[in-house]
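There are 2 protein chains.
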Amino acid sequence: MPKSKFEHIYRDLKEKIESEEYPYMELLPSENQLIEVYDCSRNTVRRAIKLLATEGYVQSQHGVGVRSLYRPIHRTNYLIGGIETFKDSAIRNNITTSTHVISFEDIICDQKLAETSGFEVGTPLYYIKKVRCIDNKPVILDINYFNKRIITDLTKEIVEQSCYDYFENELHIDIATSKRLFTVERVTKQDQENLELNDYNCMAVIRGHVFTAGSELFEYTISRHRPDYFAFADTAIRKHV
Amino acid sequence: MPKSKFEHIYRDLKEKIESEEYPYMELLPSENQLIEVYDCSRNTVRRAIKLLATEGYVQSQHGVGVRSLYRPIHRTNYLIGGIETFKDSAIRNNITTSTHVISFEDIICDQKLAETSGFEVGTPLYYIKKVRCIDNKPVILDINYFNKRIITDLTKEIVEQSCYDYFENELHIDIATSKRLFTVERVTKQDQENLELNDYNCMAVIRGHVFTAGSELFEYTISRHRPDYFAFADTAIRKHV
DNA sequence: GCCGATTTGTCCGTATGTATC
DNA sequence: CGATACATACGGACAAATCGG
């Protein structure tokens with residue numbers, strides 16, 4: 001059940017676009033028509049359309065209307081996008097997965113780690129290394145640093161299930177902003193020891209900083225993916241300069 | 242000169258954040274204060290803040306205020322983000338670059354190309370292959386398909402300068418939406434023949450679909466980067482479900 | 001624990017500008 | 001030229017979260 005009028009409109013339009021009730025390259029109903037359909041103000045439909053545009057679903061044309069840019073995607077591989085958990089993504093892509101924790105320690109943030117992680121020196125952290133398997137093949141190596149001032153009573157067992165289920169549903173932590181840096185880097189000894197790499201000598205690497213709704217840095221993670229199990233989709237809108 | 246009030250506020254706040262006048266983790270002035278400073282309505286300051294939030298510069302906290310999440314980045318390598326041209330990016334990163342066109346042909350879109358590119362079968366296209374050098378090292382291979390119904394009179398010489406300068410300043414084409422898919426793929430024979438790859442056996446690959454403001458598909462490009470000359474930054478905001 | 005001040009979140013209605021047809 | 005459609009901006013109302021007294 002959508003909380004807000006805005007969200008209702010956003011979801012409804014998105015669904016109609018995905019189901020191709022509004023097909024690729026066709027115009028949606030005009031803003032004025034949508035105002036009547038959803039019984040709301042102009043600003044509210046515009047907010048929904050704006051969000052759909054930033055997600056690449058539609059594009060507004062001044063003096064013309066709003067056009068669908070959505071085409072169904074057909075990809076076999078693993079796909080990430082937005083702030084999505086590994087599990088969500090796996091379910092969405094209909095893939096069987098498992099997680100194996102290979103290291104679970106308490107550490108204190110030192111000077112060197114502070115520079116890359118963004119945690120303050122002296123912050124108590126969980127340091128976790130885990131291998132993620134897709135279709136029983138170990139293909140992703142995750143290195144997590146969680147802020148112990150925010151995350152409490154974490155166990156190996158929880159990590160093997162889903163960290164984010166625990167954070168959100170048990171600890172009621174609101175995740176708000178996530179910044180990521182994507183690079184492609186050489187395979188390390190650590191990768192070779194823990195993953196099945198075939199002859200790949202590079203990995204897709206994502207370094208992520210995650211903040212709570214209270215603006216505390218709560219997670220720093222390095223996620224190393226075998227190339228053939230990595231893909232990332234992005235939409236950019238040219239700023240109206 | 243900013244066209245709109247909104248843009249002025251957005252730029253001014255961004256500058257103050259980047260110059261750390263509003264430092265990392267500190268609160269910006271409240272919306273009501275900003276209304277007075279910029280002599281505008283609440284919605285207008287909120288639009289600016291919203292955009293800064295989607296770019297990872299700030300985060301709003303209900304009942305508290307808006308906090309800066311900006312920390313200066315220090316990277317030596319090549320960085321892309323948003324819809325930025327190769328040239329812009331190079332200038333921003335203070336790097337010398339050059340472009341060498343190795344193939345420039347007119348083709349017609351066939352069935353196979355239509356599936357990946359999204360152009361309709363029969364669309365006349367420019368097919369261009371070029372190598373981009375950074376610090377005189379050939380490290381990026383670009384394969385462009387441009388819609389000839391939109392792009393006219395393109396020449397090898399223009400491509401060697403800057404396609405986008407020509408498209409925007411000469412042809413006055415407005416670029417609006419760009420969708421990209423990032424993957425990491427095996428080095429091909431084509432890569433080996435044209436680039437200096439050392440012993441890397443993978444490439445960072447970006448496949449991009451670009452639409453005009455008129456919602457016409459105008460470009461499909463495959464851009465293959467040597468791993469050590471590739472990085473991409475991204476910010477995601479959790480949807481308030 | 002309660003109340004009030006402050007701050008952001010959501011929503012509305014209206015006016016004006018500008019692009020398209 | 002007029003009708004339609006999106007873009008920008010204003011001002012107001014109320015809700016929800018936070019914090020201090």
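Protein sequences appear in the order of chains A and B. Quick note on my numbering: the first sequence kicks off at 1 and runs consecutively. Quick note on my numbering: the second sequence kicks off at 242 and runs consecutively. Where is the CB? At the ideal position from N, CA and C, for every residue including glycine.
Proximity test, Cβ basis, 8 angstroms: Ile83(A) and chain B = Low confidence applies here, because Ile83(A) scores a pLDDT of 47, under 50, leaving its location unreliable; read the following figure in that light. It does; some Cβ of chain B falls within 8 angstroms.
Quick one: what does DSSP say Ala294(B) is sitting in, helix, strand or coil?
-> helix
According to the Cβ coordinates, are Lys156(A) and Ile143(A) closer than 8 angstroms?
-> no
So, are the CB atoms of Leu69(A) and Thr418(B) less than 8 angstroms apart?
-> yes
Select from Ile375(B), Asn442(B), Tyr367(B) the residue whose C-alpha is nearest the C-alpha of Asp228(A).
-> Asn442(B)
Beta-carbon proximity check, Gly118(A) vs Tyr220(A), cutoff 8 angstroms | yes
From the beta carbon of Lys14(A), is the nearest beta carbon of chain B less than 8 angstroms away?
-> no
Can you give me the Cβ contacts of Asp351(B) inside the same chain, cut-off strictly under 7 angstroms, excluding the 5 residues immediately before and after it?
-> Val362
Using a Cβ cut-off of 9 angstroms, pull out every chain B residue sitting near Ser178(A), in sequence order please.
-> Gly297, Asp475, Thr476, Ala477, Ile478, Arg479
Work out the CA separation of Arg238(A) and Glu26(A) for me, nearest whole Å.
-> 21 angstroms
Pairwise C-alpha distance: Lys430(B) and Val342(B) | 18 angstroms
Which residue from Ser30(A), Cys40(A), Tyr38(A), Ala53(A) puts its Cα closest to that of Gly63(A)?
-> Ser30(A)
Compute the distance between the beta-carbons of Val299(B) and Ile250(B), then report whether it is under 8 angstroms.
-> no
Below 7 angstroms CB to CB, which residues in the same chain sit around Thr44(A) once its five sequence neighbours on both sides are set aside?
-> Lys5, Phe6, Ile9
How would you list, in chain order, the residues of chain A whose beta-carbon sits under 7 angstroms from the beta-carbon of Thr424(B)?
-> Phe230, Ala231
Starting from the N-terminal side, write out each stretch of the beta strand (DSSP E) that is 3 residues or longer and does not extend beyond the stretch 335–374 of chain B.
-> 338–349
Touching by the beta-carbon criterion (3+ pairs, under 8 angstroms), the stretch 451–460 of chain B and the stretch 406–420 of chain B | yes
Please state whether DSSP places His450(B) in a helix, a strand or coil.
-> strand
Does Asn147(A) have its Cβ less than 8 angstroms from a Cβ in chain B?
-> no
Can you give me the start and stop residues for the alpha helix (DSSP H) that Ile222(A) sits inside?
-> Not the alpha helix (DSSP H): Ile222(A) falls in the beta strand (DSSP E), residues 217–225.
Report all residues from its chain with a CB closer than 8 angstroms to the CB of Glu437(B); omit the five preceding and five following residues, and keep chain order.
-> Lys378, Pro379, Val380, Arg467
Short-range partners of chain B found in the stretch 186–198 of chain A, where Cβ spacing is below 8 angstroms | Arg186
Report buried or exposed for Asn439(B), applying the criterion of at least 16 other Cβ atoms within 10 angstroms of its Cβ.
-> exposed
Residue of Ser282(B), Asn410(B), Ile349(B), Arg421(B) minimising C-alpha distance to Lys389(B) | Ile349(B)
Same chain, Cβ closer than 8 angstroms to Thr54(A), neighbours up to 5 away in sequence not counted | Thr235, Ile237
How far does the alpha helix (DSSP H) with Asp432(B) in it reach, from first residue to last?
-> 430–435
Where Ala472(B) and Ala114(A) are concerned, what is the direct C-alpha to C-alpha distance, given to the nearest angstrom?
-> 21 angstroms
Roughly how many angstroms separate the alpha carbons of Tyr407(B) and Phe345(B), rounded to a whole number?
-> 16 angstroms
Say whether chain A places a C-beta atom closer than 8 angstroms to the C-beta of Ile250(B).
-> no
Cβ distance (whole Å) where Arg421(B) is taken to contact Arg465(B) below 8 angstroms | Incorrect: roughly 13 angstroms between the Cβ atoms, too far for contact.
Interface residues of the stretch 200–211 of chain A facing chain B [CB-CB below 7 angstroms] = Tyr200, Asn201, Cys202, Ala204, Phe211
Which of the residues in the stretch 104–118 of chain A, read from start to end, lie with their CB under 8 angstroms from any CB of chain B?
-> Gly118
Between the C-alpha atoms of Leu395(B) and Phe387(B), what's the straight-line distance to the nearest angstrom?
-> 10 angstroms
If you measure from the beta carbon of Ile175(A) to each beta carbon in chain B, is any gap under 8 angstroms?
-> yes
Using three-state DSSP, classify Glu426(B) as helix, strand or coil.
-> strand
Contact check, Val184(A) vs Val425(B) under 8 angstroms by CB: the rounded distance?
-> 6 angstroms
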